[in-house]
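Below is one structure, written out as structure tokens, with a few remarks after it.
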Amino acid sequence: KIILSIETSCDETACSIIKNGKEILSNVVVSQIESHKRFGGVVPEVASRHHVETITLVIDQALSEAGMTPRELSAVAVTEGPGLIGALLVGINAAKAFSFAHDLPLIPVHHIAGHIYANQLEEELEFPLVALIVSGGHTELIYMKDHLSFEVIGETRDDAVGEAYDKVARVIGLPYPGGPHVDRLSAEGEDTFAFPRPYLEPGSYDFSFSGLKSAVINTIHNYKQKGQEVKQEDVARSFQESVVDVLTKKTMDAVQQYEVNHLLVAGGVAANRGLRQSFESSCEKKGLKLSIPQLKFCTDNAAMIGAAAYHLYQKEHFASLDLNGRNFIDIESFAY
Ligand code: ATP
Ligand code: MG
Ligand code: FE
5 KIILSIETSC DETACSIIKN GKEILSNVVV SQIESHKRFG GVVPEVASRH HVETITLVID
65 QALSEAGMTP RELSAVAVTE GPGLIGALLV GINAAKAFSF AHDLPLIPVH HIAGHIYANQ
125 LEEELEFPLV ALIVSGGHTE LIYMKDHLSF EVIGETRDDA VGEAYDKVAR VIGLPYPGGP
185 HVDRLSAEGE DTFAFPRPYL EPGSYDFSFS GLKSAVINTI HNYKQKGQEV KQEDVARSFQ
245 ESVVDVLTKK TMDAVQQYEV NHLLVAGGVA ANRGLRQSFE SSCEKKGLKL SIPQLKFCTD
305 NAAMIGAAAY HLYQKEHFAS LDLNGRNFID IESFAY
């Protein structure tokens, strides 16, 4: 089965062609970061406009890089949400037009399911499994007993991890998106501040990073007020250590309680070097199978949407041409 997939939920315009949910024939990602940088974050209306300008070029390029014509495709898949509604609609309308013009089934895909299935681009998933999703808008622990079955066992009560990274980066004075910069700086620093580790109530798999974020911001302000120099790399390292400790501890507890065979880490923050190392060593100790996507499949891309779409195709989870973008889709009831 060969699926053309489209992703436009935020600030990358992406199209990929995937065979059997794992073999990448082409993967085109056009990032808009340069346009949003000067605003310190993604401006939704600017994002939509860029998607409109770029989408047909990206689809044509994905076809030509794969050396394919639309006739050879089995279906077209698209992110239906969650995401910026105007941005989603550009991809959805392109996918609808493509589906109608070439008489192909249209597969709506949950963006977070896509992030999880990015792991399938490298390795088969082994069930039951636990997936930790850490991205710009989500922080979730999900239990999967089989394909397309998602049970949320923990989630953030306030900020997403990526969001906390980006805010801390801004206070330190690093450019948007700040996650990768904090990651890089933190490799040069030490955990001198020993910020609190927000574990919440014993047994809870929920997360809360806004208090940690405030602790970092207050620390920097206090130093500034006293006219003292604060070592940015130590702030970055201290913040990152706290985040990594909490994510690792809760995830490893969940793995233990749910007796799973495979742990997946997914989403933009899965690109974080500290987090990758921490999971690699914890899973090695436990003899547990661990998957984390290659860096380019951690952040938004269409290959991951095609990977998830493969299973939706088999389930005949198809949409009609009245498909709409949805900002909130409960992943537990998605594709049920
Ligand atoms: P969502 O998937 O929740 O809708 P999104 O699509 O905007 O959100 P992603 O593209 O999955 O988010 O991830 C982007 C986030 O990942 C940003 O917050 C960015 O700072 C963060 N990020 C990327 N690389 C790293 C890194 N090395 N360390 C920490 N954070 C990182
Ligand atoms: Mg992005
Ligand atoms: Fe994403």
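In the UniProt record's numbering, each residue carries its 1-based index in the sequence shown increased by 4.
Think of the CB as a built atom: it goes at the ideal place given N, C-alpha and C, for glycine as much as any other residue.
Only a predicted model underlies this, so the values are computations on that prediction, with no experimental measurement involved.
beta-carbon residue i near the ligand FE non-hydrogen atom, thresh 8 Å
i           : result
residue 115 : yes
residue 13  : yes
Residue i: CB within 8 Å of a non-hydrogen atom of the ligand MG
i           : result
residue 170 : no
residue 19  : no
residue 309 : no
residue 16  : yes
residue 35  : yes
residue 206 : no
residue 46  : yes
residue 181 : yes
residue 272 : yes
residue 140 : yes
Inter-residue spacing [alpha-carbon to alpha-carbon] between residue i and residue j
i           : j           : result
residue 12  : residue 94  : 7 Å
residue 186 : residue 240 : 6 Å
residue 317 : residue 272 : 26 Å
residue 221 : residue 173 : 10 Å
residue 232 : residue 196 : 16 Å
residue 247 : residue 201 : 7 Å
residue 117 : residue 230 : 47 Å
residue 56  : residue 46  : 16 Å
residue 76  : residue 124 : 23 Å
residue 103 : residue 80  : 6 Å
residue 157 : residue 85  : 21 Å
residue 254 : residue 113 : 28 Å
residue 16  : residue 303 : 9 Å
residue 121 : residue 312 : 5 Å
residue 334 : residue 176 : 35 Å
residue 290 : residue 39  : 44 Å
residue 282 : residue 206 : 21 Å
residue 21  : residue 300 : 16 Å
residue 217 : residue 199 : 10 Å
residue 147 : residue 132 : 7 Å
residue 319 : residue 226 : 56 Å
residue 305 : residue 224 : 35 Å
residue 180 : residue 322 : 37 Å
residue 155 : residue 228 : 45 Å
residue 3   : residue 100 : With the chain covering only 5 through 340, there is no way to say anything about residue 3.
residue 331 : residue 19  : 20 Å
residue 44  : residue 219 : 21 Å
residue 27  : residue 262 : 30 Å
residue 279 : residue 138 : 10 Å
residue 167 : residue 142 : 9 Å
residue 7   : residue 126 : 17 Å
residue 153 : residue 72  : 32 Å
residue 136 : residue 24  : 24 Å
residue 276 : residue 184 : 7 Å
residue 67  : residue 54  : 20 Å
residue 329 : residue 96  : 7 Å
residue 61  : residue 98  : 11 Å
Residue i CB to nearest heavy atom of the ligand ATP below 8 Å
i           : result
residue 70  : no
residue 331 : no
residue 39  : no
residue 277 : yes
residue 303 : yes
residue 173 : yes
residue 184 : yes
Segment limits, beta strand (DSSP E) that includes residue i
i           : result
residue 267 : 266–270
residue 137 : 133–138
residue 116 : No beta strand (DSSP E) contains residue 116, which is instead part of the alpha helix (DSSP H) from 115–121.
residue 147 : 143–148
residue 83  : 79–85
residue 8   : 6–11
First and last residue of the uninterrupted alpha helix (DSSP H) at residue i
i           : result
residue 50  : 48–70
residue 25  : Segment: none, residue 25 is in no alpha helix (DSSP H) and carries neither H nor E.
residue 106 : 89–106
residue 37  : 37–41
residue 312 : 307–318
Validate contact between the segment 241–254 and the segment 78–92 using beta carbons, cut 8 Å, 3 pairs: Remark: fewer than three beta-carbon pairs, one from each stretch, lie closer than 8 Å, so the segment 241–254 and the segment 78–92 are not flagged as touching.
Can you check the segment 155–238 for any beta strand (DSSP E) of at least 3 residues that lies completely inside it and give the ranges in chain order? 155–159
Which ranges does the beta strand (DSSP E) cover as unbroken runs of at least 3 residues, wholly within the segment 273–301, from first to last along the chain? 293–295, all fully within the segment 273–301.
Would you say the segment 228–237 touches the segment 184–202, given that touching needs at least three Cβ pairs under 8 Å? Because the criterion of three Cβ pairs below 8 Å is met, the segment 228–237 and the segment 184–202 touch.
Can you find at least 3 beta carbon pairs, one from the segment 154–170 and one from the segment 199–219, that sit closer than 8 Å? Pairwise C-beta distances place the segment 154–170 in contact with the segment 199–219, as three or more of them are shorter than 8 Å.
When the Cβ atoms of the segment 20–38 are set against those of the segment 95–109, are three or more pairs found closer than 8 Å? Per the Cβ contact rule, the segment 20–38 is not in contact with the segment 95–109 (fewer than 3 Cβ pairs under 8 Å).
Could you say if the segment 287–294 and the segment 260–268 meet the contact criterion of at least three C-beta pairs nearer than 8 Å? Contact holds between the segment 287–294 and the segment 260–268, because three or more Cβ pairs, one in each stretch, are under 8 Å apart.
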